[in-house]
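K.L.:
So in full-length UniProt numbering, spot 974 of the sequence shown is number 974, and the numbers just go up one at a time. Heads up, the beta-carbon is just placed ideally off N, CA and C, and yes, glycines get one too. One structure is given below, represented as structure tokens, and several questions about it will come after.
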Amino acid sequence: MEKIILIIFAGIFSITVHYTVFADNSSELCQKTGYTVSAVNGIFTDEEDARNNQRFLKAELKDTYNGEKIDYQYLLNPSHIAGLGDLTMSFYQKIFDYEAVKDYDLVEMLKDASEKVKTQKILLVAHSQGNFYANSFYDSVAGKEGGIPQESIGVYAVATPAGRVAGGGKWLTSDTDKVIVDLVGLFPFKKIMTPNTSIVLTKGDDFKGHNFSGVYLKYRGKEIISGIRETLGRLAENNVQSKESPCLAPPKLTLAHKIQGEILSAVDPFANMAIDGIVIVAVEAYQAGKALAKGASSLSGLIAGAYDSVLPEDNKNTNNETVFFDVIKPENFSSSSALPAGQAGEEEVLPVNYAPMSRSRLDIAEEALKVLQNQILSLKNQAIVSSESIAISRLNLDIAQEQPKFIAAIYPGFGGGGDGGMASVSSLSASSADSSSSAGSSSSASESSSSTSSNSSSSSSSSSSSAPDTAPPTISSFSISECQNSLSSDGCLVATTTLNIAWSSPSSDLDYFVINNNGSVSATTATSTAAAASDNAVFSFSVSAKDLTGNFSATSTQTAEISTMPVVINEVAWAGNGSAYSADEWIELYNRTNKSINLSNWILYSAANLSPYVVLTGVISAKGYYLLERTNDNTVSDIAADKIYTGALNNSGENLILSYASSTIDEIPYDYNWYAGSDFNYSSMERYDVSAAGTSSSNWLANNTVIINGKNAGGGNIASTPKARNSANYLINRGVSVSSDMTLYASSSPYLVNNTLQTFSASSTLTIEPGVVIKFYNDAGFSFGNGAKILAQGSAADPIIFTSFYDDTFGGDTNGDNSVHSPTPGNWFGVRIDSPGTESIINNSVFRYGGKYYSGGGWTDSKANLYVANSSAVVSDSVFEYSKVYGVKLSSASTTFFGSAFRYNNNSEEGASTGLYSSVGTLTLNSNTFSNNKRGLDVSVADSASVSSNTFTSNAGEAVYSYGRLGSYSGNSGSGNGVNAISINGTITQNGATTTLAVNSLPYLLQGAVTVVASSTLAVNSGATIKGWNNSSTSYLNVYGNLVIPGVNFSDIVFGSMYDSPAKGNWGGLRFYSGSISTISGATFEYANTAITYTDSPINLSNVNFNENNLGLSADSASRTYPITASNVTFTNNTATTSPGGLW
């Protein structure tokens, strides 16, 4: 009987490669700031696809996070032997899932990372089989000597076949990903990370639902990026890694590793992928492989050649590797490994004796070597099986002898960023006798020739034998019994959390079922189960059958939406619709579910006297409203009723019950009064949270009269929201203070802060999802203190918005006035952060129309969209606009702003309107834009300010105004500003320190009297321009310390006039006082009253030009007592050159 033999390189060879010793001879720097995000691909992914994965991540995640640059890399997981080796490696990795499996590619990844990673903080984003490598990478370096501290490295997993995410990282896997979910049937003794999303595939998608960019990023890109950002947020700088050393030391490369690299380099080029994803190996691959491998005539020669090529540099090894590599020398191959004599190019395919896997390094390596030998030899006669069923489903690995038969059933879809390649089945024919013979000894030349003929004959005769069983089993019945009484005709909707599920298969050769119980996947022979489902969720159950020959049925899936409170009482107008319409009462119901509900068998009634008692009819749509109006349909005149009822509500309260089939679904208790609402302004009683119990008094609020809907019988507005979102539901935490962590979700946006200053305290954190809109009405704002902070991390596509209630641009026309009211600067207070010891993070957020304050009253210290005091904040890619005074105001804060825009903060009523104002504190501004403000940037007495690569355009006043200690300004540019300069004022230096005027396209302006104090230094870089203005009495540079001007040519550094049409005397000039020292070289001084005045200060000039000044240079008698150094000093068109005349 003929047997199909598939022999695959198991990839275990490299277990002998160690990562316990790191080399530490690199001198490359490791930066504390910034992040490295590296993609780790699955198999069947070439380098271009790996790069594409990297590009996809960058396109979604952008260039920075928390104001720090992200360096994108990829760690290639290459395919070997057309992916067949990787498939078996995947099998091996799954078996040893919770250990660091170190193979050739992992060591190469570690080596690659040691060269690429330049930041302390690194995140591995892994897809498919790449997750095994990411886990092993983490295990190999996290907390290890020469590695990376655990707080600085993380893993994010996509479509992971592993049972863990190293470091406790996040993951995202779809329950429709056939590659991953079906692994449970293949490895019933192993677990995978529970699928935590469900992607609905459409035509043209990867039918396996496994592709990284084409499925996961396409449908769950927002969730993946959010998870990556959250993981990045957990990473921290450390004091372990030195800036002077590489972030990751390279691994020691052993002799075993080098030999394996030689072997793979000889074999890999001759395996390739066909268009349909089936592995194809050229008939000449074996011969070409031999030629490439230094003319080796056998596998043993190939390995020996590899050994010889690397031996000279590693022959000093004296550990177990030497013992192991004695095995692979040609003279030590067993007779079963010897090559038979025969025709050129023909060699025998040798079977592998199966033995249980051992974690002994030498045992595994020796066994793997034999598998490798057979795999390479099998390339010569590889047969192509393109059956779609085989390509789509799995490889059944029969590694023969007759016993034991080992069926690994590796799933062939661990694809990467590409189309997700398939693996083929390699068929090799051999008779039982031939197999038995070849297992024990080699044949002579004549025996080999005879055996070849015999095999050919055997293959011909067996081609007519019956085909193997490839018919999959079927699932004949599958049901959730509770769904037979569904509340909806749209699908299964039940009000219970206990489900009884049954399934069956008529197949006679059934092996087991693979079930997915709402993400918990297991193998079983049972045909029923009772499942506990979560309330307010969609429950999913899938089942597939496997028969004894390894065929799998199609997966059948049933879902049920679970809601024990599917419909609720949402709003009660118990006081009527106005003083003249107090009898016009109404009640609103709300469907919380995603399915329409038939209201047959539903009743709404008063438990006290059964009045009202309403038998409901009709259908309430998914997430829809059902309006019951008393007496007639004119109660709410502009909205049609779904049901008319009779019976008045008691103004002192009612016990209202909503029931289905005699079971209470929702209830409002009697409490001697209604929980909310008013018979004074006739506001309705609104439910705050439809998911919370109606029996809680805190879950009911009166309509706020700001958000309203509907009209009474007389056509007047009513203080309620029939058939619309309740005004109470817009509030954050019911509008009261927050003292515990809270998240604002995009699904509940927009939110409203209504005429209150909402405070956050007690070390609470407000986390805001991308896409959230928060509107502020009247005297409203946020205030963070006492350890509280805000994490507002939006995205370019879905920014977070903080704006006026009247702003219809974001969140729609919330007040329903058809844009009658327009937003104006100062509509609301702003966001205030005064919480020492905290760091808030804001990115991709927009702040508009804030800055409200009362003279002599509240918020006079802020007057800004965003105010940060005594706290830290990192802000990136955000917008601050239309504030009454300041877009942003900082006071004694430590802040970083990157890639943000400050614009239209130019209120005509406020003289100080500024894009950003900073007083004291530490400020970093990089790559921001300031436009159309009254003043672009105002920095006053900064402890430290780094302002670089910012752009200032069309600001009415100064582009930059700086008073007091001057920070570092470099690479800033601007145009169209009222004062197109970096205006400097006051004392700009500090005792014992050097202040530098770096190069900007904007000049520095001596707007007033500018002072360099004693014992300090002002250095002016070559290329800088300094200008004065106004008149000769106010625009001076007064030097009591040191001034260093290190130019070479006259034009290198210029001190001149700010005016477009300059004239002599436009500014005062430079004044040196007693104790000052100056070195001035390569500079021009022009259009001053007196360009330089020396008072008891030595003269030291070279290559200096005085042009168009009233007086070029003045020196008092004390200054002239010092030696005068003057080289190549010229005077052109000055009214006078020196005073006294003839100094030189």
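1) Does DSSP put methionine 565 in a helix, in a strand, or in coil?
2) Pull up the DSSP beta-bridge partners for histidine 127, would you.
3) Going by CA-CA distance only, name the one from Gln54, Ala864 and Ala1115 that's closest to glycine 1141.
4) Please report how far the alpha carbon of residue 1148 lies from the alpha carbon of alanine 1014, in whole angstroms.
5) Can we say the segment 981-998 touches the segment 1013-1031, given the rule of at least three CB pairs closer than 8 Å?
6) Determine the closest residue to serine 38 out of Ser1057, Val155 and Arg848, with distance taken between C-alpha atoms.
7) Counting Cβ pairs, one atom from each stretch, are 3 or more of them under 8 Å apart for the segment 695-715 and the segment 796-816?
8) Does DSSP classify threonine 231 as helix, strand or coil?
9) Looking at the unbroken alpha helix (DSSP H) that takes in alanine 1118, where does it start and where does it end?
10) By the 10 Å Cβ neighbour count, where 16 or more other Cβ atoms means buried, how is glutamine 758 classified, buried or exposed?
11) What span of residues does the beta strand (DSSP E) with tyrosine 867 cover, start to end?
12) Enumerated in chain order, which unbroken segments of the beta strand (DSSP E) with a length of 3 residues or greater are wholly contained in the segment 497-544?
13) Looking at C-beta atoms only, is the number of pairs between the segment 601-617 and the segment 658-666 that lie closer than 8 Å three or more?
14) Ordered along the chain, which non-local residues of its own chain (more than five positions away) have a Cβ less than 8 Å from that of tyrosine 745?
15) Report yes if the C-beta distance between isoleucine 644 and glutamate 629 is below 9 Å; otherwise report no.
16) Could you check what DSSP says for serine 876 in three-state terms: helix, strand or coil?
17) In whole angstroms, give me the CA-to-CA distance for serine 1052 and asparagine 843.
18) For serine 697 and aspartate 689, I'd like the C-alpha separation in whole angstroms.
19) Below 8 Å, how does it come out for the segment 1082-1092 and the segment 1021-1039: are there three or more Cβ pairs, yes or no?
20) What is the rounded straight-line gap between the Cα of alanine 1126 and the Cα of alanine 1024?
21) How is serine 136 classed by DSSP in three states: helix, strand or coil?
22) What did DSSP end up calling glutamate 145 once you bin it into helix, strand or coil?
23) What residue from Thr549, Ala573 and Ile480 has the CA that sits closest to alanine 533's CA?
24) Could you please give the first and the last residue of the uninterrupted beta strand (DSSP E) stretch that includes threonine 202?
25) Using CA atoms only, rank isn't needed, just tell me which of Gly957, Leu925 and Ala942 is closest to serine 970.
26) Beta-carbon within less than 8 Å of threonine 1132's beta-carbon, same chain only, minus the 5 sequence neighbours each way: which residues are those?
27) Alpha carbon to alpha carbon, how far is alanine 159 from asparagine 516? Give it in angstroms, no decimals.
28) I need the boundaries of the beta strand (DSSP E) containing glycine 1008, first residue and last residue.
29) Mind checking asparagine 1134: buried by the 16 CB within 10 Å criterion, or exposed?
30) Note down, in chain order, each residue of its chain lying with its Cβ closer than 8 Å to the Cβ of serine 453, except the 5 sequence neighbours on either side.
31) Taking the CB atoms as reference points, tell me whether asparagine 955 and glycine 967 lie closer together than 9 Å.
32) Among residues of its own chain, excluding the 5 on either side of asparagine 786, which ones have a beta-carbon nearer than 8 Å to its beta-carbon?
33) In the structure shown, what three-state DSSP assignment does asparagine 1134 receive?
34) Is leucine 1005 near lysine 1027, with beta carbons less than 9 Å apart?
35) On the three-state DSSP scale, how would you describe asparagine 353?
36) Where does asparagine 1049 land, buried or exposed, given buried means 16+ other C-beta within 10 angstroms?
P.N.:
On the basis of the supplied data:
1) In the structure shown, methionine 565 adopts coil according to DSSP, grouped into three states.
2) Paired residues: Val158.
3) With distances taken between Cα atoms, glycine 1141 lies closest to Ala1115.
4) Missing from the structure shown is residue 1148; the chain here goes from 1 to 1144 and no further.
5) At 8 Å Cβ cutoff, the stretches touch.
6) Among Ser1057, Val155 and Arg848, the Cα nearest to that of serine 38 belongs to Val155.
7) Taking a contact to require three or more Cβ pairs closer than 8 Å, the segment 695-715 and the segment 796-816 qualify as touching.
8) For threonine 231, the secondary structure class from DSSP, reduced to helix, strand or coil, is helix.
9) From DSSP, the alpha helix (DSSP H) with alanine 1118 extends over 1117-1120.
10) Glutamine 758 is buried by the Cβ-count criterion.
11) For tyrosine 867, the enclosing beta strand (DSSP E) has its first and last residue at 864-869.
12) Runs of beta strand (DSSP E) with 3 or more residues, each lying fully within the segment 497-544, are found at 498-504, 510-517, 520-524 and 528-532, listed in chain order.
13) Yes, the segment 601-617 touches the segment 658-666.
14) Closer than 8 Å at the Cβ level, and outside the excluded window around tyrosine 745, lie Glu769 and Val772.
15) Yes; because the gap between Cβ atoms is below 9 Å, this pair is in contact.
16) Here serine 876 carries a strand assignment [DSSP, helix/strand/coil].
17) Looking at the sequence itself, residue 1052 is aspartate, so the reference to serine does not match. Aspartate 1052 and asparagine 843: Cα-Cα distance of roughly 40 Å.
18) Cα to Cα, serine 697 sits roughly 12 Å from aspartate 689.
19) With contact defined as three or more Cβ pairs closer than 8 Å, the segment 1082-1092 and the segment 1021-1039 are in contact.
20) Cα to Cα, the separation comes out at about 22 Å.
21) Reduced to three states, the DSSP call for serine 136 is helix.
22) Looking at glutamate 145 - three-state DSSP - the assignment turns out to be coil, as it is neither helix nor strand.
23) Of the candidates Thr549, Ala573 and Ile480, the one whose C-alpha sits nearest the C-alpha of alanine 533 is Ile480.
24) The continuous stretches of beta strand (DSSP E) do not include threonine 202, and DSSP gives it neither H nor E.
25) Considering only alpha carbons, the answer is Leu925.
26) In chain order, Asn1105, Phe1106, Asn1107 and Glu1108 place their CB closer than 8 Å to the CB of threonine 1132, counting only its own chain and leaving out the 5 sequence neighbours on each side.
27) The straight-line gap separating the alpha-carbon atoms of asparagine 516 and alanine 159 is approximately 16 Å.
28) Here the beta strand (DSSP E) through glycine 1008 covers 1004-1012.
29) Note on asparagine 1134: 16 or more other CB atoms within 10 angstroms of its CB, so buried under the neighbour-count rule.
30) Because serine 453 sits at a pLDDT of 40, beneath the cut-off of 50, its placement in the model cannot be relied upon, and the following sentence gives the value as read from the coordinates. There are no such residues.
31) No, these two residues do not count as a Cβ contact at 9 Å.
32) When the five nearest sequence neighbours on each side are left out, the beta carbons in the same chain lying within less than 8 Å of the beta carbon of asparagine 786 are those of Ser761, Ala762, Ser763 and Ser835, in order along the chain.
33) DSSP places asparagine 1134 in coil when its eight states are reduced to three.
34) Yes, the pair counts as a contact, with Cβ atoms nearer than the cut-off.
35) Because asparagine 353 sits at a pLDDT of 35, beneath the cut-off of 50, its placement in the model cannot be relied upon, and the following sentence gives the value as read from the coordinates. In this structure, DSSP gives asparagine 353 a state outside helix and strand, which the three-state scheme calls coil.
36) Exposed, by the Cβ-count rule.
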